[in-house]
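S.K.:
Protein chains: 2
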Amino acid sequence: MPRPRTPLLSTDRIADAAMELVDEGAPFGVNAIARRLGVTPSSLYNHVRGRDEIVELMRGRLGERYLPQLVGGTWDEVVEGSLRAQRRMYAEHPFLIPLIVEQTITDPTVIASYDHLATTLAAAGFPEDDVLDVVAIIDAFSIGMGLDLASPDEVWAPETPTETLGRLVAVGPRGAARSDRAFESGLELLLDGLRLRLARYELD
Amino acid sequence: MPRPRTPLLSTDRIADAAMELVDEGAPFGVNAIARRLGVTPSSLYNHVRGRDEIVELMRGRLGERYLPQLVGGTWDEVVEGSLRAQRRMYAEHPFLIPLIVEQTITDPTVIASYDHLATTLAAAGFPEDDVLDVVAIIDAFSIGMGLDLASPDEVWAPETPTETLGRLVAVGPRGAARSDRAFESGLELLLDGLRLRLARYELD
DNA sequence: ACCTGAACACCGTTCAAGT
DNA sequence: ACCTGAACACCGTTCAAGT
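So the protein sequences, as listed, match chains A and B. The first sequence begins at 1 in full-length UniProt numbering and counts up one residue at a time. The second sequence begins at 1 in full-length UniProt numbering and counts up one residue at a time.
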């Protein structure tokens, strides 16, 4: 069946199939996508440069879906909105995190959202020298908490006896509930820290 | 050459070879390790359960090397020491980060260091309900900044024109220097936030 | 332009065979 | 106990051939 008159594939169909696999937690790869689409792996290369581009396609798709609504407001609302948007994205597509983490960002939507963050922080009074650091910190926190969310429950389940950790783990919430608590706590910490810093700048 | 009277392999030799590969940034895997050791891939399975165990072996080895020295001091010294120790570890073995990030922690040394952190925070007056959150936040920041360090220079080099980001990237430091700056800034932010929180607790 | 099928150079893992 | 070699079931990617 070579060259059907109406094409079987497109970057969109490929991205759809890829997202399906990832959301099911199924093994992700060029071959798996081809199988799901009832097509030969080599067919995909007519539409896509390879595995990395498919991952980047997914990042872009999620970026468009989750990131644009962070527009107005005060600087701390923008920071909070940006972090919550990413959090929702990671929470609803946890298996994507390990994939996108090991790849450089090229998607313009994602870049644009970081640019917006940088512009807002600069306008709020953060010195230009520090803005990039703050963006990196926000990004690190977001990614780190994303991985925390994606990791299995047993991350904090030690096999050897512990002084404190084991007890706290046993008493506290588990899984997504635990990670969500930590995210909220961290968000508050981050915003408090940034407000304090801004206040100090304004003393000078 | 079956069954040499003095064994060619051991978990230690395997871990050594694995670390060498990772530190060179060479492709990491069972086959590559075997090649480096002048041995058949299947030989490794006499000493090790598989790829995952080799990664865990490396994590343990680095844990023993970098983490133990965080013992005494005030709670914020312990937090700072713990973060700096991990930072040094990631900085000196950046290619390890993507590997360990996608795997659950089972190594007792690493668990012990988190336990120590939890014990210290609880003793300092952080409510037990919040200690686990704080540990997760510290971990997220550490991992996130580790990935930031490991990622190529071009992460923040947008292809499309930007309002602020592109200019800041052009002016500021690059590579490890940029990441180190952000780490220092984030560490300060984290400690300030935690001190503020502790002070609030003590008001009640 | 778009798909197939064969081919290539890889993976990680298992297992019988050898000493 | 410890290594080999063959085998298995995978990867991602390239490319000539077909319409």
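Just so it is clear, CB atoms sit at the ideal spot from N, CA and C, and this is done for glycine as well.
State yes or no: is the beta carbon of A/VAL71 nearer than 9 Å to at least one beta carbon in chain B?
M.R.: no
S.K.: Applying the criterion that 16 or more other CB atoms from any shown protein chain within 10 Å of the CB defines a buried residue, is B/TYR90 buried or exposed?
M.R.: By the 10 Å Cβ count, B/TYR90 comes out buried.
S.K.: Between B/ARG49 and chain A, is there a C-beta pair that is closer than 9 Å?
M.R.: no
S.K.: Does the beta-carbon distance from B/LEU21 to B/PHE28 come in below 9 Å?
M.R.: yes
S.K.: Pop quiz: B/VAL78 and B/LEU117 are said to be a contact at Cβ under 8 Å. What is the actual Cβ separation, rounded to whole angstroms?
M.R.: 6 Å
S.K.: Report the residues of the segment 98-124 of chain B with a CB closer than 7 Å to any CB of chain A, ordered along the chain.
M.R.: PRO98, VAL101, GLU102, THR104, ILE105, THR106, PRO108, ILE111, TYR114, ASP115, ALA118, THR119, ALA122
S.K.: State yes or no: is the beta carbon of A/ASP192 nearer than 9 Å to at least one beta carbon in chain B?
M.R.: yes
S.K.: Counting contacts by CB-CB distance shorter than 9 Å, is B/SER82 in contact with chain A?
M.R.: no
S.K.: Does the structure place the segment 179-186 of chain A close enough to the segment 117-129 of chain A that three or more beta carbon pairs sit under 8 Å?
M.R.: no
S.K.: Please decide whether A/VAL171 counts as near chain B, where near means a Cβ-Cβ distance under 9 Å.
M.R.: yes
S.K.: For B/ALA176, which residues of its own chain have a beta-carbon under 8 Å away from its beta-carbon, when the five flanking residues on both sides are left out?
M.R.: ALA91, LEU149
S.K.: Under 7 Å Cβ-Cβ, which residues of chain B neighbour A/THR160?
M.R.: PRO108, ILE111
S.K.: Assign B/ARG167 to one of two classes, buried (16 or more other C-beta atoms within 10 Å of its C-beta) or exposed (fewer than that).
M.R.: Burial state of B/ARG167 is exposed, judged by a 10 Å Cβ sphere holding fewer than 16 other Cβ atoms.
S.K.: Is the beta carbon of A/ARG59 closer than 9 Å to that of A/VAL110?
M.R.: yes
S.K.: A/VAL131 versus chain B: which residues are under 8 Å apart at the beta carbon?
M.R.: Those within 8 Å of A/VAL131 in chain B are THR164, LEU168.
S.K.: Since A/ARG174 is in the alpha helix (DSSP H), which residue starts that stretch and which ends it?
M.R.: Here A/ARG174 belongs to no alpha helix (DSSP H), and DSSP marks it neither H nor E.
S.K.: Taking its Cβ as the centre, do 16 or more other Cβ atoms sit within 10 Å of B/LEU147, making it buried, or is it exposed?
M.R.: buried
S.K.: Report yes if the C-beta distance between A/ALA34 and A/SER43 is below 9 Å; otherwise report no.
M.R.: Yes.
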